[in-house]
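One structure is given here, and the rest of the page talks about it.
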Amino acid sequence: MRDALLSIGHHVGTSALEWLDGAAHLFAFPPDVPVLEVNTNRHVKPLAEFALAGSIAVREGAIGSRQAQISPVLMDYAWNALGNGSFLHELQLAMPVETYPMEIYAMFTRAGYRHPELEELLAHLGRLRAAHARELLPNRQLALTNSARLIGLEAHADEAELVGRTWLGNASEPWALDFATAYAMTHTVFHLSDWAGQPGRLPPAMVDYLGRWLPVWLDVYREAQQWDLVGELLMVDLCLPHPEFPADTWIAYATAQNEDGLMPFGSEAPPEGTEDAFRNYYHPTVVAAVAGTLLVSRGISTLTGATDSRETVGG
Amino acid sequence: MSRLDADPPPRLSYTTAVDALAASVVRAFRGADDTYRVSDHVGLLPDRRAELAALRVLGVDALAPYLVRGRPVLADDLAVFDEVTTVFPSDSTRVTTSVVRRLRHWFLEEVLTDLTGAGKGSAYPRSADQLAPNEGTPWQPWSVFMAQVSTMALPGWVTPVHLAASRRTEDLARGAARALLRGDPYTAARLGRWLALQPDVPPELGLTGLLEHVDLLGSRDPRTQLEVAVAQHLLEVGRS
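Chains as they are written, first to last, in the UniProt record's numbering: chain Y, 1 to 315; chain H, 1 to 240.
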C-alpha cells in the first residue's frame, strides 16, 4: 500500500507542478503596475502561492527527477518576476505594515535566495511598536512568526499565546466548524510546523486532538467533494509527527485531479484551457503540488524506516 | 367524498402517532409530566392501529421513563405490548429482516421480561452476533449502526452491543461529530445517548454542549428530543 501511495503522491505532485509550470506566465503580474497600485489579492497572492509550491519542492529535495528539475526553475522564474527581490523591497518601503513582502520573501529564503536590503528593512520594521500590535487573526500572525523564523529575524509575538487564541489551539468542539474555520485550522498547523518541515513544533495536545478529529473532517469534506479543502486536510496529516496516510482519501483526491495536473476546487468541472481555469483553480493546484510533494517525502522516510530528523527538531 | 379521500394515508397517521408518543416520553423525562403511562397512549386517537404502530416503532423507548426514571410499571402498561406484538408480530425469523430490527425486537422482549420480573429472557440472537458490524468495521458505518440501535443505550445492560460501545467510545464521538457536520442532528443525538453512558468521552467533543445543540436543532422533532432527553438524564444521573 505504501508503494502505491508513494506513486500517487508522485503523480499528484509532479503533474500539479507541471500545470503550474505551464501557467507560469499567468502568475507574473504586469511589470508596469506602480507599487502603490498593486492589488495584493490579484497581483501578489498567486505568485506567493506559486513560490510556496516551488519552495517546498526545493526544500524536500529530489523526490522525483522531474520535480527536482522543475522546482528550481519555477523559483528562479518567480524570483525574477519579483525583480530578484527588489520589488518586494519597494513594496515593503511603500507599505510599512503590509505583511506579504515578508511572507513571500521567507519562501525564497527557504530555497536559498537572499536580499540584504529587504532584510535590513524588515529588521527595522520589526522594532516598531506597530509590529507588536498587528490587527490580524491569530492564525495569520503565526504565518508571520514562521516567516520571521525562516528569514532569521526576531519574532514579534508569543507563539504559545497566539496558538491559545486559535480555534485549533483551543481544542474547539470538532463539530463547531465551517469552511472558513477549517481553512484557519489547517493554516495554524502549516505555519506552526513550517509546512511539515518541523512536525515536532506542534504541541502534543494538538497532535492528539488532530489524530482524533482529522479523520472526521476528511470523511465529511471528501463526501462533499471539496477537493481544495481535502488537499489541505491531507497536508495537515503530513504535518503530524506520525502521519496516518489515509489511503482511501488519497485515492479519491488523486482521482479528482485532471489529467493535465489541474486540481478542481469542488465538484464543479473546471473550464477547458489554462487561461480560463487560472483564476479559480491555481489555488487548489498549488495545494496539490505541495500535498503530493510532502506525501512522497514523508512517505519515503516512513517506508524506509529512516529516522525522520524533523520529528525532534524544536520539539 | 369517498373514504379514500377522507382518511389520511396510514404512513402519515403513523408518523403523527409516533411523534405524539415521543413527545409524551420527552415530557416524562423533563419533569413536565409525572403521570406518564404507556397504556394512556392507546385509545386516544380514532386510529388505534396507528397508536399500536407508534409503540412498535418506539419500542423500548416508550418504556424508558420506567426503566431510567424508576417509575412503577403497571400491568396495563405491559398488557398494551401484548396487543402491539399481536397486531405487529415480529419478523425476526425472516432472513431478510435487518440486524437492527432483530436487535431492537430482541431487546424489547428482554426489557418486557425484565419488567414483569419473569427472570431472564431469550438468549442474545446469534444471527445478530454474526451480522452486526464487528470490531474491524470502520468507524463510519459502525457508528451509523450504533445510532440505529440507540434504543439499547440504557444503563445496566451488558450485551455485545453495550460492550462494543464502551470499547469504541472514540468512534462514537467521531460518529457524533460527523453526523452534526453532515446536517444530521438525529443521528448525532442517538450517538450522544450512547456517549452519555461512557466514562471516557473525549472532553473536546463537548458532549453537554453537543446535546444542547442538537436539542435546539431538533426542536421540532420529538424523536430527536427523546434521544436528547434520555442522554441528558443519563449524564445527570452519572454526575450525581
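The C-beta atom is built at its ideal place from N, Cα and C for all residues, glycine as well.
To the nearest angstrom, report how far apart Y/H191 and H/L191 are at their CA atoms.
-> C-alpha separation (whole angstroms): 35 angstroms.
Measure from the C-beta of Y/Y281 to each C-beta in chain H and report whether the shortest distance is under 8 angstroms.
-> Y/Y281 has a beta carbon lying at 8 angstroms or more from every beta carbon in chain H.
For H/M1, which residues from the same chain have a beta carbon less than 6 angstroms from its beta carbon, with the 5 sequence-adjacent residues on both sides left out?
-> Summary for H/M1: the model assigns pLDDT 45, below 50, so the residue's position carries little reliability, and this model does not support an answer.
H/G206: contacting residues in chain Y (beta-carbon distance under 7 angstroms) | What H/G206 touches in chain Y: E173.
Can you tell me which of the three DSSP states Y/R66 falls into?
-> Helix at Y/R66.
Roughly how many whole angstroms lie between the Cα atoms of Y/W79 and Y/R134?
-> Their backbone Cα atoms lie some 27 angstroms apart in a straight line.
For H/R182, decide whether its Cβ has a neighbour in chain Y, counting only Cβ atoms nearer than 8 angstroms.
-> Yes, H/R182 counts as interfacial toward chain Y.
Closer than 8 angstroms, Cβ to any Cβ of chain H: which residues of the region 209–237 of chain Y, in chain order?
-> Under the 8 angstroms Cβ criterion, the region 209–237 of chain Y contributes Y209, R212, W213, P215, V216, W217, D219, V220, E223.
According to DSSP, is H/F81 helix, strand or coil?
-> If DSSP states are grouped into helix, strand and coil, H/F81 belongs with the helices.
Proximity test, Cβ basis, 8 angstroms: Y/L202 and chain H = It does not: the Cβ of Y/L202 has no partner Cβ on chain H nearer than 8 angstroms.
Can you have a look at Y/A275 and say buried or exposed, based on whether 16 or more other CB atoms are within 10 angstroms of its CB?
-> Per the sequence shown, residue 275 of chain Y should be read as Glu rather than Ala. Of the other Cβ atoms in all chains shown, fewer than 16 fall within 10 Å of the Cβ of Y/E275; this residue is therefore exposed.
Going by alpha carbons, who is nearest to Y/M107 out of Y/D158, Y/S71, Y/T188, Y/D260?
-> Minimum Cα distance to Y/M107 is reached at Y/S71.
What residues from chain Y crowd round H/L210, counting only those whose CB sits closer than 8 angstroms?
-> Close partners of H/L210 in chain Y (Cβ separation under 8 angstroms): E173, W175.
Compare the C-beta of H/P202 with all C-beta atoms of chain Y and state if any pair is closer than 8 angstroms.
-> Yes, because at least one Cβ of chain Y sits closer than 8 angstroms to the Cβ of H/P202.
Is it right to say H/A123 is buried, meaning 16 or more other beta carbons lie within 10 angstroms of its own, or is it exposed?
-> Within a 10 Å sphere around the beta-carbon of H/A123 sit fewer than 16 other beta-carbons, which makes this residue exposed.
Pull up the distance between the alpha-carbon of H/D82 and that of H/T35, whole angstroms please.
-> Whole-angstrom Cα-Cα distance: 22 angstroms.
Return yes when the Cβ of Y/R201 is within less than 8 angstroms of the Cβ of Y/L150, no when it is not.
-> No. Outside cutoff.
Compare the Cα-Cα distances from H/P46 to each of H/Y14, H/P72, H/L58 and report the closest residue.
-> When each option's Cα is compared against that of H/P46, the closest is H/Y14.
Expected contact under 8 angstroms - CB spacing of H/V228 and H/V214 to nearest Å | Contact between H/V228 and H/V214 is confirmed by a C-beta separation of about 6 angstroms, below the 8 angstroms threshold.
Is the region 271–286 of chain Y close to the region 15–30 of chain H, with three or more CB pairs under 8 angstroms?
-> These segments do not touch.
Taking Y/V73 as the reference, give the member of Y/T145, Y/E103, Y/S55 with the closest Cα.
-> The shortest Cα separation from Y/V73 among Y/T145, Y/E103, Y/S55 belongs to Y/S55.
Host alpha helix (DSSP H) of Y/D3 (start-end) | For Y/D3, the enclosing alpha helix (DSSP H) begins and ends at 2–22.
Do Y/G292 and Y/V12 have their CB atoms nearer than 8 angstroms?
-> Closer than 8 angstroms, so yes.
Using a Cβ-Cβ cut-off of less than 7 angstroms, give me the residues of the region 148–173 of chain H that come near chain Y, in sequence order.
-> Considering only beta carbons, the part of the region 148–173 of chain H lying closer than 7 angstroms to chain Y consists of E170, in chain order.
The region 231–241 of chain Y / the region 182–191 of chain Y touching (three or more Cβ pairs under 8 angstroms) | Counting Cβ pairs under 8 angstroms, three or more are found: they touch.
Which residues of chain Y have a Cβ atom closer than 7 angstroms to the Cβ of H/D193, listed in chain order?
-> In the sequence under discussion, the amino acid at residue 193 of chain H is Arg, which differs from the Asp named in the question. Result: empty, since nearest Cβ-Cβ is about 16 angstroms, beyond 7 angstroms.
Distance between Y/R42 and H/W142 (C-alpha atoms, nearest Å) = Roughly 46 angstroms between the two C-alpha positions.
Beta-carbon of H/A177 versus every beta-carbon of chain Y: anything under 8 angstroms?
-> It does: the Cβ of H/A177 has a partner Cβ on chain Y nearer than 8 angstroms.
Residues in its own chain within less than 6 angstroms of Y/G314 by CB, not counting five upstream and five downstream?
-> At Y/G314 the pLDDT is 38, less than 50, meaning the model places this residue with poor confidence and gives no usable figure here.
Do the CB positions of Y/L153 and Y/G112 come within less than 8 angstroms of each other?
-> No, the Cβ-Cβ distance between Y/L153 and Y/G112 is not below 8 angstroms.
Taking the Cβ atom as the reference point for each residue, do H/A188 and H/L154 lie within a distance shorter than 8 angstroms?
-> Remark: C-beta atoms of H/A188 and H/L154 do not approach each other more closely than 8 angstroms.
In chain order, what residues of the same chain have a beta carbon less than 6 angstroms from the beta carbon of residue 338 of chain Y, not counting five sequence neighbours either side?
-> Any question about residue 338 of chain Y goes unanswered here, given that chain Y covers just 1 to 315.
Are the region 279–289 of chain Y and the region 250–267 of chain Y touching by the rule of at least three beta carbon pairs closer than 8 angstroms?
-> With the cut-off at 8 angstroms, the region 279–289 of chain Y and the region 250–267 of chain Y touch.
Just checking, does the region 165–176 of chain H make contact with the region 61–80 of chain H on the three C-beta pairs under 8 angstroms criterion?
-> Taking 8 angstroms as the limit for Cβ pairs, the verdict is that the region 61–80 of chain H does not touch the region 165–176 of chain H.
Could you name each continuous beta strand (DSSP E) segment of 3 residues or more that falls completely within the region 145–204 of chain H, going from the start of the chain to the end?
-> Look at the region 145–204 of chain H and you find no whole run of beta strand (DSSP E) that is 3 residues long or longer.
Which chain Y residues sit within Cβ distance under 7 angstroms of H/Q140?
-> Ordered by position in chain Y, the residues that pass the 7 angstroms Cβ test against H/Q140 are D219.
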